[in-house]
Structure formats: structure tokens, C-alpha cells
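Peer 1: Mind looking over this structure? Questions follow.
2 protein chains.
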Amino acid sequence: MKVLIAGMDGYLGWTLSMHLTNRGHTVVGVDNFSRRKNVEEVGSWSATPIQPMDERLMAFKEVHGKEIGFHEGDLREYPFVKEIVRKHNPDTIVHLGEQPCAPYSMIDVEHAVFTQNNNIIGTLNLLFAMHETSPHTHMLKLGTMGEYGTPNINIPEGFFEIEYEGRKDELPFPRQAGSWYHQSKVHDSHNIMFACKIWGLRSTDIMQGVVYGTRTDDMTDDRLLTRFDFDEVWGTALNRFCAQAIIGHPLTPYGRGSQTRAFIALRDSMQCLTLATENPPEKGEYRVFNQFDETYSVNELAKKVQKIGKKLGYDVQIKNPENPRVEAEEHYYNPHHEKLYKLGFKPIHPLDEELERMFKDLEGFKERIIAKKERIMPTIDWRK
Amino acid sequence: MKVLIAGMDGYLGWTLSMHLTNRGHTVVGVDNFSRRKNVEEVGSWSATPIQPMDERLMAFKEVHGKEIGFHEGDLREYPFVKEIVRKHNPDTIVHLGEQPCAPYSMIDVEHAVFTQNNNIIGTLNLLFAMHETSPHTHMLKLGTMGEYGTPNINIPEGFFEIEYEGRKDELPFPRQAGSWYHQSKVHDSHNIMFACKIWGLRSTDIMQGVVYGTRTDDMTDDRLLTRFDFDEVWGTALNRFCAQAIIGHPLTPYGRGSQTRAFIALRDSMQCLTLATENPPEKGEYRVFNQFDETYSVNELAKKVQKIGKKLGYDVQIKNPENPRVEAEEHYYNPHHEKLYKLGFKPIHPLDEELERMFKDLEGFKERIIAKKERIMPTIDWRK
């Protein structure tokens, strides 16, 4: 299949472009490198020393013998977006080209506005470009489980049938997102659902859990590593805990730590995105997949990291800092996730084994984590 | 009370600023005059010959002896928004400062992007300005009944308690909006709900029905008239039908015409917005009012306009053109609207009487409607 990956330079984007190319798909990517700039802006960097895009592409060709296409450009520029979609006429657009970070969106008005404008307008431009030049294309869009928040009922995959005041309907599940970034994903979901309805486009909207992991089997050469963020802004819970453990920094589950989220390994995320790509929805269909493996509280995860760390000889402490976020710390959490399993998803990496791999990988980049250790403790406060 | 009206130059904004000022409130307005430019862009104009803002303000002072403040500026510019909110420290911001038109948002990608960017960023800027400089302020935000779409169950006022798979929760009612414009209002609603949650702001989110009417009692001088749009882009169903009837153009309920919507008279909209202003929510409260009087199908409205027209000596035909929109033409529609009645809302203008007033007003501006009659039939197609 012909696959266009928007946001190819990111954590998932680079990993997926290698994964799909090695499965025999024709991949072309787009990126404006905003992620590298935005991480630098907050004084941090990737624990893995990632290569510039041209070196990534050359190294991939050298190691795997295959070409990946690439265009530098900004999804907010409609003429660029339209030309790329028209030219490549892809079977699938995997849309990872967004500002993906909750704390970054919560810094101030400028970052909130950047996040919502960037994400909403980029997605609108892709939808219009599909409608105008490539209406058969499947948009595989990365959303987040965070769109749902933590309701006191089970979370279905996007839609649910309910009875209210004696009548029934199947409706989109209400969204209660917890940051300006998460809100931008909710707005995208509404826009994409509407585009499918009026124009007969097809889309899979992925509500993905928090991703963890350092590498996949395609990264047989360190020049092919994807980025790995660990600071308070860009690092997500489990990845950040592993980086903390490696350098002897206490693990930092926020607040009481009972807040529970859905998680998925990087390898399993690749498996799921591949299943969705290779099993597209019907014309006009807007479908939602809850893409995760297991749910854990952040305290549980900290304890798992502590256990593996101890096994590998690290002295791992846990210290819960005050929670900078506005979120329920004790809550019900039971999301459905059957659709990807029905397509064949088999999570193949028990968390403990994946954590051991992460420790071994990160040990090699310890000095890079130490160099930015002052960017680990939370400073961005949701209430400020 | 001190009231800041964003979008003071619009149909509701100008009417409300006079209404609240004459009730003794201190009103200051903001506008960037985009509505005038955007109506001109599509080759149309207001049936009522509206005055420039400085003449409106002078005429109001001359006629009513009171001052209304005004600042020209754009809500997308945060320094401007912050300074205005800080300086006036209002009890209420009535936020009418958005691109309010579904067909305009459906013209092409440029208009869709303008609409969502303008509306979302303007609202975000107001929320941040309130949080940073005036956290006690009540944001009274104009949304639309169109946010809900036409579900097959009753529509509550914003939230509903439901049971799903054996558990209960009170959740935001799902939104299924029918244009890029309506979607922008859904996005605003999510953003405002979130700001109230994290910052303890207070807001009333008004899901308003379609407004109709030419004047209120404050418009004792024609220089004080508010705008009245009647073209395919900016004219809403009932107002457009009256303008059509006046010039002998067939009334144009789209498609089969059984699509049902909620309606409210301009005078009653003023009453409701005043009730919400004078009865603000608690700190941290996000409340939703469904603001309308009655629901009608567009065919029913066309027949009412025909009946009144005949009574007044007009020959009124009805010809349903093909529906340019993507919407259900036969559907269940039963929205709740109790909250404003509990605050004292008494709709005081039977539709027939209001229609007669509208005919009499519009007769005086017949030539201005005739001059733009080629802009009446629908050309903007939701599917294109």
C-alpha cells in the first residue's frame, strides 16, 4: 500500500515509517521538525541521540536496503498539503503530525493557542486535501485515550447505545479531556467524524494509551533509533520513570498516584497501526479504536520500574511530588478495547520484559539524561 | 453591572448593548467589523441600512442620553484582549464575537479554517485574559442549538445522567454538529468547560435557537437599527423567508422541509441574555442553557410566513429547492429548555405578531433586498 506519514520525524512516526517499509509498503513522510525545536525550547532533548532526517534516511537505506520518501513542510499550509496528497494519492494517511504534549500546551496562552491552531488546522487541511484530490484515502488519525477523561462508567470505542427518557440512540461517547492538547484531539475527532459524514471519507480515529519503549526490531543500528523523551514536559509516565531510575533520580508519580491510565508498548503500537492500515474502513465510515494493552495506576507502574531496577542493580526510590495537573486521583476506569483484537492484535511483550529492554537501552544514554536532569521535576502547573 | 460585549457590531451584539445600557448596566463593546466585510465579500448586505459604529454610538446618545463604550480590535490578538479585560474588569463578558455563519464556513478550506481559527482562538484568548486579570468575570458565551445535531433522544441542557453497562454518571451530552461553523462552537464548549474546571472560572454556554426579528423597543430611531441578513449565506431561515415574501421571491425551505429547529425572537433573545447576565453562575460553574421558545419545521415556518403575507396583501409562493446541506430531513427533535424559564423567561411575542412587525419593517427596505435578490438562492453545497 502507499502510505503517507504526517509527523514522520516523531517518536511514533519514524518508528512506523521503518516498520511499514520493511513490511513492503511504500512510505513517504512529511514533517516540519517542530518537535525537535519545541523540545529544545524547554531546555531538553531526546535521551537517544537522534540523527537528522537525511542521515536517518541514508542509514535506513544502508541497513535495510529500502527507500523512504520525505518532504519537509507544514500541515498548516494548505497548498503544500494539497500538493503532497494529490501527488502521492496514498491509500492511507497516518496522521501523527500534531503537537502531542499536554504540559507543553499548558505553559501559557501562546502554547495553548499554538497547540490548538496547529493540530486543528493541520487536520482540517488534510481532510480538505483528501476530499479535493484523493477521496479514497483512509485517514488513520492518532488521537488519545485522554479524550475520554475518567468517567464513572465503562468507556466504549467511540460510540455507545444509550436509553434516555424512554428513547434510544447510538451516540458519540462524551469527551472530557484534561489539557489544551487533549482538547485539540477532541476537536479533531469531531471534525473528522463530520468530514466522513458530509464527504464520504473514511477514517480510523485511534484513542491510544500512553506509549512506552525505546526500540523496535527495525532499529538494528543506533542511527535508526527513534527519539525518547524523559523531561517533565515531553516525557510520558513510564518512559520518564525508566530514565529517572537509570540516573538514580526518585520516580515521580504525581499526587496520590492512583490515577489510572491505559498503556501500550511501542512495538504493540506499531502492530496496531499496521492492522488499521491494512484493514481500512469502508467509504464514509468513521470508526474509533481504543488502542492499548493494559491499564495501570501510575503508582503501580512506579513499583514495577522499581522492581525491575532493583533486579538489575539500581537503587530506585519513589517520591510522589504534588500533582501539577487537575485530575481525579481516585476514579473508576474501565475502557473497552476489543476492535483491534478482532483484527488480530496480539500484545507480545509482557511489561516486565519490555522494561528490562528499556533499562538496557537507556543505560547507554545515561550521560544524556544526567545532562538534563534539572528538567525532570514538574514546574508547569495546570492551575497557574 | 459592568458588561463587556465582544462582537458588539453584530445582529445580537448591537441590539444587546442598547438593551443592557437602557436597563442601567455599563456596557463597553469590542468588534473588528469582520461581519460587515464578510457579508460584502459574498456580494450581499444588510436589508436594514446600518450605520458605522461611531454614528451608532452618537445616535444612541442623542436618542437615549446614555453612553456605550467601544474598542475596535481583534479577539485573535492576545495583548489586545488581555488589556481590554484587565482595564474593564467586567462582571460579565457576553461573547458574541465569532464568525456565526454555517454556509460561510462551508465555502472552501480557507473559510473553514478562518472560522475555526477565529472562533476557537478568540475564545481561548478571552478565557486566558479572564484567568490572568479578571477571574471573577462571568463568560456568557453564545453557542448554538446546532451543536447537538438531531439525536433520536431528548436533548437535555448540556448534561445528562445516564446508565451504561450497569453504572451511572452525569456526562456532557454528545455533540453532532452539522457545519464547520457549528463544529467551532462545539470546540468552544469543550474548551470553556475545561477552563471552568481547572481555573474555577464561571460560564454560561448558551445553546441558542435560530433568532428572528427586525427590531426591539430600543430602536426608536432608524439609525439605531441592527443588521438584518437575508441572503443564502448570512440569512437564517425565518428572516430569509420574510425578506423573500416582501419582494415576491418564492420562500425556500430546503429539501423536503421537515427538518425541525428551535427558534427564538430577537426580543426574547435579549430577555434571555439579560436574565443570564443578571443571574450569574457560581465560581467554577459551567452551565448550559438551551435558549429558544418553540421548535418548528422549516416548512411550517414557510407556511406561517405565507399566511401572514397573504393577510398583508402579498402573493407568497413556496418552492423547496434541493437541500444544499447534509442533514436529516425527517427526524425526532425534542430539546429541553427549562432553565431560563426558571430564571423568569416569559416569551412575550407570539410568532404571528412578530412576523407582522417584520413585514412592516422590511417593506421600508424592499429596494435593498431587491438589489441583492440574486444572492438568495442556495449555491454553497455541503458535499462539494
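Here the protein sequences line up with chains A and B, keeping their order. Here the first sequence stands for residues 48 to 431, numbered as in the numbering used here. Here the second sequence stands for residues 48 to 431, numbered as in the numbering used here. Note that beta-carbon positions come from the ideal geometry of N, C-alpha and C, so glycine has one too.
Which runs of the alpha helix (DSSP H) spanning at least 4 residues fall entirely within the region 82-141 of chain A, listed in chain order?
Peer 2: Segments of the alpha helix (DSSP H) lying fully in the region 82-141 of chain A: 100-111 and 125-135.
Peer 1: What does DSSP give as the partner residue(s) for S344(B) in the beta ladder?
Peer 2: The count along the second sequence starts at 1 and reaches residue 344(B) at position 297. Its beta-bridge partners are T307(B).
Peer 1: Answer yes or no: does any C-beta atom of chain A fall closer than 8 Å to that of R415(B)?
Peer 2: Within the second sequence, numbered from 1, the residue matching residue 415(B) stands at position 368. Chain A contact via Cβ: absent.
Peer 1: Would you kindly report the start and end of the unbroken alpha helix (DSSP H) that includes Q230(A)?
Peer 2: Numbered from 1 along the first sequence, position 183 holds the residue referred to as residue 230(A). Per DSSP, the continuous alpha helix (DSSP H) segment holding Q230(A) begins and ends at W227 to W246.
Peer 1: With H, G and I counted as helix, E and B as strand and the rest as coil, what does DSSP make of R222(B)?
Peer 2: Here residue 222(B) refers to the residue found at position 175 of the second sequence. Coil, per DSSP.
Peer 1: How many Å lie between P328(A) and F412(A) at the Cα?
Peer 2: Locating residue 328(A) in the first sequence gives position 281, where the first residue counts as 1. Locating residue 412(A) in the first sequence gives position 365, where the first residue counts as 1. P328(A) and F412(A): Cα-Cα distance of roughly 41 Å.
Peer 1: Quick check on the DSSP output: the beta strand (DSSP E) that includes E208(B) runs from which residue to which?
Peer 2: In the second sequence, the residue the question calls residue 208(B) occupies position 161. Unbroken beta strand (DSSP E) run through E208(B): F206 to Y211.
Peer 1: In this structure, does DSSP put M192(B) in helix, strand or coil?
Peer 2: For this step, residue 192(B) is matched to residue 145 along the second sequence. Correct three-state label for M192(B): helix.
Peer 1: What residue from R308(A), Q318(A), W429(A) and R334(A) has the CA that sits closest to H378(A)'s CA?
Peer 2: Here residue 378(A) is taken as the residue at index 331 of the first sequence, counted from 1. The shortest C-alpha separation from H378(A) is found at R308(A).
Peer 1: Measuring alpha carbon to alpha carbon, tell me which of G190(A), H185(A) and N164(A) ends up nearest L143(A).
Peer 2: Start at 1 with the first residue of the first sequence, and residue 143(A) comes out as number 96. Taking the Cα of L143(A) as reference, the smallest distance to any Cα among G190(A), H185(A) and N164(A) is reached at G190(A).
Peer 1: Mind checking the region 157-176 of chain B against chain A and listing, in chain order, the residues whose C-beta falls within less than 7 Å of any C-beta there?
Peer 2: A159, V160, Q163, N164, I167, I168, L171, N172 and F175
Peer 1: Going by DSSP in three states, D362(A) sits in which element: helix, strand or coil?
Peer 2: Locating residue 362(A) in the first sequence gives position 315, where the first residue counts as 1. Three-state result, D362(A): coil.
Peer 1: If we count the other Cβ atoms within 10 Å of its Cβ and call it buried at 16 or more, is F175(A) buried or exposed?
Peer 2: Counting from 1 along the first sequence, the entry for residue 175(A) is found at position 128. Buried, because 16 or more other Cβ atoms sit within 10 Å of the Cβ of F175(A).
Peer 1: For Y195(A), which residues in chain B fall below 9 Å Cβ to Cβ?
Peer 2: Here residue 195(A) is taken as the residue at index 148 of the first sequence, counted from 1. Those do not exist, as Y195(A) stays about 10 Å from chain B at its closest Cβ, beyond 9 Å.
Peer 1: Could you tell me whether the Cβ of N79(B) comes closer than 8 Å to any Cβ of chain A?
Peer 2: Residue mapping note: residue 79(B) aligns to position 32 of the second sequence, counting from 1. Chain A, which has no Cβ nearer than 8 Å to the Cβ of N79(B), makes this no.
Peer 1: Name, please, each residue of chain A whose Cβ falls closer than 8 Å to the Cβ of N337(B).
Peer 2: Translated into the one-based positions of the second sequence, residue 337(B) becomes position 290. In chain order: nothing, as chain A lies at least about 15 Å away.
Peer 1: Against I207(B), what residues of chain A qualify as contacts under a CB-to-CB distance less than 8 Å, listed in chain order?
Peer 2: In the second sequence, the residue the question calls residue 207(B) occupies position 160. A small correction: the amino acid at residue 207(B) is Phe; Ile does not occupy that position in the sequence shown. Those within 8 Å of F207(B) in chain A are Y211.
Peer 1: With a 10 Å radius around its C-beta and 16 neighbouring C-beta atoms as the bar for buried, classify G90(B) as buried or exposed.
Peer 2: For this step, residue 90(B) is matched to residue 43 along the second sequence. Per the 10 Å Cβ criterion, exposed.
Peer 1: Counting only the same chain and skipping the five closest in sequence on each side, list residues whose C-beta sits under 8 Å from that of G71(A).
Peer 2: Numbered from 1 along the first sequence, position 24 holds the residue referred to as residue 71(A). Counting only Cβ-Cβ distances below 8 Å, and skipping sequence neighbours, we find nothing.
Peer 1: Mind listing the chain A neighbours of Y380(B)? Cutoff is C-beta to C-beta under 7 Å, in chain order.
Peer 2: Along the second sequence, one-based indexing puts residue 380(B) at 333. Chain A residues near Y380(B): none, gap ~12 Å exceeds 7 Å.
Peer 1: With a threshold of 16 other CB atoms inside 10 Å of the CB of T184(B), please say whether the residue is buried or exposed.
Peer 2: Your numbering for residue 184(B) matches position 137 in the second sequence. Buried, since its Cβ has 16 or more Cβ neighbours within 10 Å.
Peer 1: List in chain order: all unbroken beta strand (DSSP E) runs of 3+ residues lying wholly within the region 260-323 of chain A.
Peer 2: Counting only runs of 3 or more, we get 307-312.
Peer 1: Mapping DSSP to helix, strand and coil, what is M48(B)?
Peer 2: As a working note, residue 48(B) is residue 1 in the second sequence. Three-state result, M48(B): coil.
Peer 1: If I follow the unbroken alpha helix (DSSP H) through Q163(A), where does it start and stop?
Peer 2: Within the first sequence, the letter at position 116 stands for residue 163(A). Residues V156 to T180.
Peer 1: Since D252(B) contacts S236(B) with CB under 8 Å, what's their CB separation in whole angstroms?
Peer 2: To locate residue 252(B), count along the second sequence from 1; it is residue 205. To locate residue 236(B), count along the second sequence from 1; it is residue 189. The Cβ separation is near 5 Å, so the contact holds.
Peer 1: Is the region 61-75 of chain A touching the region 115-130 of chain A in the sense that three or more CB pairs, one from each, lie closer than 8 Å?
Peer 2: In this structure the region 115-130 of chain A touches the region 61-75 of chain A; the number of beta carbon pairs closer than 8 Å is three or more.
Peer 1: Helix, strand or coil for D78(A), going by three-state DSSP, please let me know.
Peer 2: Counted from its first residue, the first sequence places residue 78(A) at position 31. Note: D78(A) maps to strand in three-state DSSP.
Peer 1: Using three-state DSSP, classify Y379(B) as helix, strand or coil.
Peer 2: In the second sequence, the residue the question calls residue 379(B) occupies position 332. In the structure shown, Y379(B) adopts coil according to DSSP, grouped into three states.
Peer 1: According to DSSP, which residues form a beta bridge with I202(A)?
Peer 2: As a working mapping, residue 202(A) is identified with position 155 in the first sequence. DSSP output for I202(A) lists P382(A) as bridge partner(s).
Peer 1: Opposite E53(A) in the DSSP bridges: which residues?
Peer 2: Locating residue 53(A) in the first sequence gives position 6, where the first residue counts as 1. A small correction: the amino acid at residue 53(A) is Ala; Glu does not occupy that position in the sequence shown. Answer by DSSP bridge pairing, in chain order: V77(A) and H142(A).
Peer 1: Mind listing the chain B neighbours of Q230(A)? Cutoff is C-beta to C-beta under 7 Å, in chain order.
Peer 2: On the first sequence, residue 230(A) is found 183 positions in, with the first residue counted as 1. The answer, in chain order, is H237, N238 and F241.
Peer 1: For the region 240-269 of chain B, which residues have a CB atom closer than 9 Å to at least one CB atom of chain A, in sequence order?
Peer 2: The region 240-269 of chain B vs chain A, Cβ under 9 Å: M240, F241, K244, I245, W246 and G247.
Peer 1: When burial is assigned at 16 or more other CB atoms within 10 Å of the CB, is R287(B) buried or exposed?
Peer 2: Here residue 287(B) corresponds to residue number 240 of the second sequence, with the count starting at 1. Buried is the call here.
Peer 1: Give me, in chain order, the residues of the same chain whose beta-carbon lies closer than 6 Å to that of Q364(A); leave out the 5 immediate sequence neighbours on both sides.
Peer 2: In the first sequence, counting from the first residue as 1, residue 364(A) sits at position 317. Excluding sequence neighbours, Q364(A) sits near P297.
Peer 1: Output, in chain order, the set of chain B residues within a Cβ distance shorter than 8 Å of V280(A).
Peer 2: On the first sequence, position 233 is the one that residue 280(A) refers to. Going along chain B, no residue has its Cβ under 8 Å from V280(A), so there is no contact; the nearest lies around 17 Å.
Peer 1: Is it the case that the CB of L189(A) approaches a heavy atom of the ligand SAH more closely than 7 Å?
Peer 2: Summarising the ligand content, the structure contains no ligands, and the ligand SAH is consequently not present.
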